[in-house]
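Visitor: Before I ask anything, let me first share the structure, which is written out below as structure tokens.
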Amino acid sequence: MADSDTEELLSERGDDDELDSSTLSKWKFVDETLVELGIDDVEQYLLAKARLEVPRVTERLMTRMYGKHSRLLQPELPVEDIIQLWLDPTVLMLTKQHINANLDANEFAT
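Mapping the sequence shown onto the numbering used here, position 98 (from 1) lands on 128, and the numbers just tick up by one.
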């Protein structure tokens, strides 16, 4: 586009005073907008949901260990304690190795 054409286009756009022939070919940095999206209390929400799952997981473990119906355990008893109490350490070690072998390199079970 010739300079005369550029000046003609700029003269037609009288509403934009910031543009002139000297700034038409220059790059300008755009101000970054700091937009952050988030959900309030995500950790508390996920922890509450996990606590709701503990009785179900405990009941399934007890059903697999003892049969169809077992007595309900106290809800404050963590699932980890039940697993460590009833499973042999070698079984736990092999289970962890199997889980870790199937996870991404950045994730692992301890």
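Glycine included, each C-beta is placed from N, C-alpha and C at the ideal position.
1) Measure from the alpha carbon of Arg144 to the alpha carbon of each residue in Met92, Ile69, Asp61, Glu110, then state which is nearest.
2) So which of Leu76, Lys79, Gln74, Ile112 has the shortest CA-CA distance to Met92?
3) Alpha carbon to alpha carbon, what distance is there between Ile129 and Pro119?
4) Just curious, the alpha helix (DSSP H) that Lys126 is in, first and last residue?
5) For Ile69, which residues of its own chain have a beta-carbon under 8 Å away from its beta-carbon, when the five flanking residues on both sides are left out?
Guide: The relevant details are as follows:
1) Residue 144 lies beyond the residue range present for the chain, which begins at 31 and ends at 140; the question has no answer from this structure.
2) Ile112
3) The alpha-carbon atoms of Pro119 and Ile129 are separated by roughly 15 Å.
4) 119-131
5) Tyr75
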